[in-house]
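Each remark here refers to the structure printed beneath this line.
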Amino acid sequence: MPRRKAALKDSKQDLVMNSVIEKHTHNALPRILVIDDMFGRQIQGNLNRERANLCGMYGIQDVTGDELFPADEEVMDPMADAVFFRGQHPLSATIGDSVENDLEATIAFVRQGWHTAANSGPTWALVLLDLCFYTGAVTAASNDAFAGMPVGRAGDDDARNYFGLTILKRLREEFPELPVVILSSKPRDEVSLSFTEAGALGFISRTDSAGRAKLGEYLWRHGLTPDASGTVVGTSLPLLLSLREARRASASRRNVLIRGERGTGKELLAQYLNRYGALDGECRPLVVVDCGALSSTLWESKLLGHMRGAYTGADRERKGLIVQADGGDLFLDEIGNMVPEVQDGLLRVIDTCEVAPLGATSGRKVNVRFISATNENIERWAELGIRFRPDLLDRLVKGGTIWLPPLRERRSDIPLLVERFVREAELEFAGAMTRKVDLDALQALRAYDWPGNIRELRSVLFKAVNGHPDVEHLVAGHLQFGSVIPGENDNASTTTAPSPPQPIIPPAEALYPPADLVAARSIRPLILDQKDLNGSFERLVAKFHEQLADVVEECLAAYSDPRTGRVNYTGAYRLAVPSAEQSSNIAVAAKRWFRMLFVGKNGLVGPLPPEAVAQRPLLMGARRWACGSDA
Numbered sequence: 004m005p006r007r008k009a010a011l012k013d014s015k016q017d018l019v020m021n022s023v024i025e026k027h028t029h030n031a032l033p034r035i036l037v038i039d040d041m042f043g044r045q046i047q048g049n050l051n052r053e054r055a056n057l058c059g060m061y062g063i064q065d066v067t068g069d070e071l072f073p074a075d076e077e078v079m080d081p082m083a084d085a086v087f088f089r090g091q092h093p094l095s096a097t098i099g100d101s102v103e104n105d106l107e108a109t110i111a112f113v114r115q116g117w118h119t120a121a122n123s124g125p126t127w128a129l130v131l132l133d134l135c136f137y138t139g140a141v142t143a144a145s146n147d148a149f150a151g152m153p154v155g156r157a158g159d160d161d162a163r164n165y166f167g168l169t170i171l172k173r174l175r176e177e178f179p180e181l182p183v184v185i186l187s188s189k190p191r192d193e194v195s196l197s198f199t200e201a202g203a204l205g206f207i208s209r210t211d212s213a214g215r216a217k218l219g220e221y222l223w224r225h226g227l228t229p230d231a232s233g234t235v236v237g238t239s240l241p242l243l244l245s246l247r248e249a250r251r252a253s254a255s256r257r258n259v260l261i262r263g264e265r266g267t268g269k270e271l272l273a274q275y276l277n278r279y280g281a282l283d284g285e286c287r288p289l290v291v292v293d294c295g296a297l298s299s300t301l302w303e304s305k306l307l308g309h310m311r312g313a314y315t316g317a318d319r320e321r322k323g324l325i326v327q328a329d330g331g332d333l334f335l336d337e338i339g340n341m342v343p344e345v346q347d348g349l350l351r352v353i354d355t356c357e358v359a360p361l362g363a364t365s366g367r368k369v370n371v372r373f374i375s376a377t378n379e380n381i382e383r384w385a386e387l388g389i390r391f392r393p394d395l396l397d398r399l400v401k402g403g404t405i406w407l408p409p410l411r412e413r414r415s416d417i418p419l420l421v422e423r424f425v426r427e428a429e430l431e432f433a434g435a436m437t438r439k440v441d442l443d444a445l446q447a448l449r450a451y452d453w454p455g456n457i458r459e460l461r462s463v464l465f466k467a468v469n470g471h472p473d474v475e476h477l478v479a480g481h482l483q484f485g486s487v488i489p490g491e492n493d494n495a496s497t498t499t500a501p502s503p504p505q506p507i508i509p510p511a512e513a514l515y516p517p518a519d520l521v522a523a524r525s526i527r528p529l530i531l532d533q534k535d536l537n538g539s540f541e542r543l544v545a546k547f548h549e550q551l552a553d554v555v556e557e558c559l560a561a562y563s564d565p566r567t568g569r570v571n572y573t574g575a576y577r578l579a580v581p582s583a584e585q586s587s588n589i590a591v592a593a594k595r596w597f598r599m600l601f602v603g604k605n606g607l608v609g610p611l612p613p614e615a616v617a618q619r620p621l622l623m624g625a626r627r628w629a630c631g632s633d634a
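Taken in order, the sequence shown gives residues 4 to 634; the numbers are from my numbering.
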């Protein structure tokens, strides 16, 4: 590449990366949009005093940039930046002008700052919306009272036709996730039903002396705000919605379940919950438990603790993990791997709020919130009565379930994550040079689907820096994307990702397309009474294959994502045999069915093939296929 072109490319890349980092790391204040005729108007050659007073009263910093003269005093310790918009035209009016409401211009202004493919996330954390907008001519009298304000028309103050409600309804239609709070001087009890039905989340009176505190509370509860600490990196809409749910859940101190694919950062979200759960500012403990490491024989010693002499080798007292989390949170990571014995014991602890260490004669009360996390469909397991107790699940989700989006649903966060991980990698590897991320590399990173999510992204970038420590650029050729198999070690070698193989389907004569699918039923052992045995051989075989089809369907359903329909084939395969262990023939047939249908997929998570949904084993053909030799 010619030197001048290369220099221009570097310059363009620097501008892109620096603007992204500066926008989302140096400015941690959330940004609100205020749509109000009084506060949003521009005054020719003068300062909007009403706007300045509002900013000082509510602790917000005007960043609209539409005034020639700055405010007399800066807002000390602002809680948010604010952009003001009139919602009418002209924005700046004088005597003789006619002011009219402008719905389309208002929606267009909101859209410019909302979540689009062109920007990295929603600009608006919250909208403050007026109800009554005055229209008509600007007279000398109205201008003397408030510069640029019209005298108003008769219908402007009709509660049934407030322009603010018209705006609100359009916002709910086009931007359903955008939180809107009413800012008005009207009595709340007179307008409460109207703005609630239209979708507003709260109300602040212009004359309320506690307006600043209310705005802060609304921002905390409803605002789309990123993690100011930088622990959870990202500003994409799906992530901000998850963070908002986490803040809402943290206020109640009730048990919370975090659902998300592996590698999405569930433990980081647990840290976020723990931090926001300490509303009094006190640091509360967060104890992490790997549920897969809790065996059926040693779990009591780890979770409950033990007294000295409780068993051979217990030479001193040991506090269990639950007691260590007293007053804070216990994070149960990968709770889908928890064995039944631990589930039984944990259920009792949650019910009684009491822990009795091994060897103790009495228990002690504890105040612990349980934050659980899993990438498995444990709700389905509980519904079917397999692998997870439904009564335990009920207690673990009292505070709700928070869905953490996969990286492919928050691609706009990739530049921020890349910057974080590249700098971390440069610090970890001694002598590695500081580098710039090439735009082609960034595009390649955003185009990849990331089955291993953030953990895989970090691994790819660390390997790229480790493999090329002596260069100033990270280019696309340094990146090695790999096939990720659920359950495999994340340090497995990475090669160019192959195209997903097509599933091998059993022979056509062994499949039967039914007129419609039979509703899924709970897995039960194959039980035949005397009348079944007295029937024809075909009836007996039919029952066998009906049971086989149920086992396969339920195993697929248990490992499917209810939101996307994607299925973890490896998990379903592993579940098939133990689910049917009371009937060895069913177990062998189910195992063979999965082997034939999904061979070559290597456990990759993907959409359920139509063949697996729309076909069931044919009576005689499937009997010969499923019960044949195992060779």
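Beta carbons: idealized from backbone N, C-alpha and C, even for Gly.
In chain order, what residues of the same chain lie with their CB nearer than 6 angstroms to the CB of residue i, ignoring the 5 residues before and after it?
i, result
"Phe465", "Ala428"
"Gln64", "Val78, Pro81 and Asp84"
"Glu431", "none"
"Leu260", "Ser375, Leu399, Val400 and Thr404"
"Glu320", "Met310 and Arg311"
"Pro290", "Per the sequence presented here, residue 290 reads as Val, with Pro not at that position. Around Val290: Leu324, Gln327, Ala328 and Leu333."
"Pro288", "Ala328 and Gly331"
"Pro510", "The pLDDT assigned to Pro510 is 32, lower than 50, so where the model puts this residue is not dependable; a value taken from the coordinates is nonetheless given after this. Here the set comprises nothing."
"Ala359", "Gly366"
"Phe424", "Arg461 and Leu464"
Residue i and residue j look like a contact to me (Cβ under 8 angstroms); what is the Cβ gap, rounded to whole Å?
i, j, result
"Ser685", "Arg173", "As displayed, the chain neither begins before 4 nor continues past 634, which places residue 685 out of reach and without an answer."
"Glu180", "Leu240", "6 angstroms"
"Gly339", "Glu379", "3 angstroms"
"Phe136", "Asn104", "6 angstroms"
"Leu407", "Ser212", "Not quite, the Cβ-Cβ distance comes to about 39 angstroms (not below 8 angstroms), so this is no contact."
"Gln45", "Asp69", "5 angstroms"
"Pro409", "Asn456", "5 angstroms"
"Val184", "Leu129", "6 angstroms"
"Asp133", "Asp39", "4 angstroms"
"Ala2", "Ala479", "With the chain represented from 4 up to 634, any question about residue 2 goes unanswered, as that position is not in the structure."
Short of 7 angstroms in beta carbon distance, which residues of its chain neighbour residue i, apart from the five on each side in sequence? Order them along the chain.
i, result
"Ser197", "Ala162 and Leu168"
"Lys322", "Gly308"
"Leu395", "Gln346, Leu349 and Leu350"
"Asp100", "Pro93 and Val141"
"Thr437", "Glu429"
"Thr364", "none"
Strictly by DSSP, which residues pair up with residue i?
i, result
"Phe88", "Ile38"
"Trp406", "Arg262"
"Ala376", "Ile261"
"Lys269", "According to DSSP, Lys269 bridges with nothing at all."
"His476", "Lys439"
"Asn667", "Look at the range of the chain in this structure, 4 to 634, and you will see that residue 667 is not part of it."
"Phe334", "Val291 and Ile374"
"Val421", "Partner(s): none; Val421 has no beta bridge."
"Glu285", "According to DSSP, which records beta bridges pairwise, Glu285 is partnered with nothing at all."
"Ala83", "Ile63"
"Gly308", "Lys322"
"Glu412", "None; Glu412 has no bridge partner."
"Leu361", "His309"
"Arg367", "Val358"
Spatial neighbours of residue i within its chain, please: CB distance less than 8 angstroms, with the 5 preceding and 5 following residues excluded, ordered by chain position.
i, result
"Met60", "Gly214 and Arg215"
"Trp384", "Gly339, Arg390, Phe391 and Ala561"
"Thr355", "Gly366"
"Asn258", "Ile353, Arg372, Phe373, Ile374, Ser375, Arg398, Leu399, Val400, Lys401 and Gly402"
"Ser195", "Phe206"
"Ala231", "Ala31"
Of all Cβ atoms in chain D, is any one closer than 8 angstroms to the Cβ of residue i?
i, result
"Thr267", "Absent here is chain D; the protein component of the structure consists of one chain."
| Every unbroken alpha helix (DSSP H) within the segment 45-71, with a cutoff of 4 residues, ordered by chain | 52-61
| task | Please determine if the segment 242-253 and the segment 291-299 are in contact, where contact requires at least 3 C-beta pairs separated by less than 8 angstroms. | result | no
| task | Say whether the segment 227-234 touches the segment 399-416, bearing in mind that this needs 3 or more beta-carbon pairs closer than 8 angstroms, one atom from each stretch. | result | no
| field | Cβ contact check for the segment 324-337 and the segment 260-276: 3 or more pairs under 8 angstroms | value | yes
| request: State whether the segment 98-114 contacts the segment 48-68, with contact taken as three or more CB pairs (one from each stretch) at a distance under 8 angstroms. | output: no
| task | Indicate whether the contact test is met: 3 or more Cβ pairs, each with one atom in the segment 86-99 and one in the segment 135-149, closer than 8 angstroms. | result | yes
| In chain order, each beta strand (DSSP E) run of at least 3 residues that lies wholly inside the segment 180-219 | 183-187 and 205-208
| said: As an exercise, report each continuous alpha helix (DSSP H) stretch of at least 4 residues that is fully enclosed by the segment 110-159, in chain order. | reply: 143-148
| message | For a minimum of 4 consecutive residues, which ranges assigned as the alpha helix (DSSP H) are wholly contained in the segment 437-467? | response | 442-450
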